[in-house]
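Novice:
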Amino acid sequence: MEGKTFTAIDFETAQGYRWSICQVGLVRVVNGIITGKIDLLVQPPDNYYWKNFVDLHGISWNMTKNAPAFDEVWPVIEPYIRGQHVVAHNSAFDFSCIRQALAWYGIDEPEYTGHCTYRIYGKSLSRLCEQYGIGLNHHNALSDAMACAELFLQHLKNDE
4 MEGKTFTAID FETAQGYRWS ICQVGLVRVV NGIITGKIDL LVQPPDNYYW KNFVDLHGIS
64 WNMTKNAPAF DEVWPVIEPY IRGQHVVAHN SAFDFSCIRQ ALAWYGIDEP EYTGHCTYRI
124 YGKSLSRLCE QYGIGLNHHN ALSDAMACAE LFLQHLKNDE
């Protein structure tokens, strides 16, 4: 990839449905340097949560009762996704979150080039962070996206 420019992204969901996004973590990297971070709570449809998901990430209906819905958040994050290289750990999950949340709100999915640090490294995010000395507050979307960005930068460095 030219210029080491990409967006690392992670989503947390309120339920087992990928459209139930409750947190977005996004890290923008330009020419190998982190230039921006976005950490947003999102109100999922009906602001409804499954208890086991609250136990996993600690986000609850009370924290998102005044948060914007995904269709209000999308214009903020879209420029970092449309036409970009987008990286996630276990990208099948995160990219389906994008696709299903946009479909829920009747918004067309943009084109982007996806990359997956799980496919690159073949290990869990927590194990990789331990191996590479990367700080991680697992299941916090911004922390997961930051770790993913660091891992992808390491991968690009190794490919030079």
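Going letter by letter, the sequence shown gives residues 4 to 163 in the working numbering. C-beta: ideal position from N, C-alpha, C; glycine also.
Looking at residue 144: is its Cβ nearer than 9 Å to the Cβ of residue 118?
Specialist: Going by C-beta atoms, residue 144 is not nearer than 9 Å to residue 118.
Novice: Which of helix, strand or coil does DSSP assign to residue 70?
Specialist: Coil.
Novice: Considering only residues of the same chain and omitting the five flanking positions on each side of residue 137, which have a CB-CB separation below 6 Å?
Specialist: Result list for residue 137: 150, 153, in chain order.
Novice: What does the alpha-carbon distance come out to for the pair residue 85 and residue 73?
Specialist: For residue 85 and residue 73, the distance between alpha carbons rounds to 16 Å.
Novice: Would you decide whether residue 10 is buried or exposed? Buried here means 16 or more other CB atoms lie within 10 Å of its CB.
Specialist: Residue 10 should be labelled buried.
Novice: Using 10 angstroms around the beta-carbon of residue 31, count the other beta-carbons present and answer buried if the total reaches 16, otherwise exposed.
Specialist: Result: buried.
Novice: Report the CB separation of residue 77 from residue 110 in whole angstroms; it is logged as a contact under 8 Å.
Specialist: That pair is a contact at about 6 Å.
Novice: Do residue 83 and residue 35 have their C-beta atoms closer together than 9 Å?
Specialist: No, Cβ-Cβ distance for residue 83 and residue 35 is not below 9 Å.
Novice: Could you pull the DSSP bridge partners for residue 28 from this structure?
Specialist: In DSSP, residue 28 forms a bridge with 13, 42.
Novice: Use the C-beta contact count for residue 21: other C-beta atoms within 10 angstroms, 16 or more gives buried, fewer gives exposed.
Specialist: Buried: at least 16 other Cβ atoms inside 10 Å.
Novice: Determine which residues share a DSSP beta bridge with residue 118 and list them.
Specialist: Note: residue 118 sits in a beta bridge opposite 90.
Novice: Drop a sphere of 10 angstroms on the beta-carbon of residue 116, count the other beta-carbons inside from all chains shown, and report buried for 16 or more, exposed for fewer.
Specialist: Exposed, because fewer than 16 other Cβ atoms sit within 10 Å of the Cβ of residue 116.
Novice: By alpha-carbon positions, which one of 107, 26, 18, 155 ends up nearest to residue 37?
Specialist: If we check each option's Cα against that of residue 37, 155 comes out closest.
Novice: Is the segment 88 to 102 in contact with the segment 118 to 128, if contact means three or more CB pairs nearer than 8 Å?
Specialist: Yes: the two stretches touch, three or more of their Cβ pairs being nearer than 8 Å.
Novice: Do you know whose CA, among 27, 159, 33, lies nearest residue 60's CA?
Specialist: Checked all of 27, 159, 33; the closest Cα to residue 60 is 27.
Novice: Please name the residue or residues paired with residue 37 in a DSSP beta bridge.
Specialist: In DSSP, residue 37 forms a bridge with 32.
Novice: Nearest to residue 69 by CA position, among 17, 55, 52, 46, is which residue?
Specialist: Of the listed residues, the one whose Cα sits closest to residue 69 is 46.
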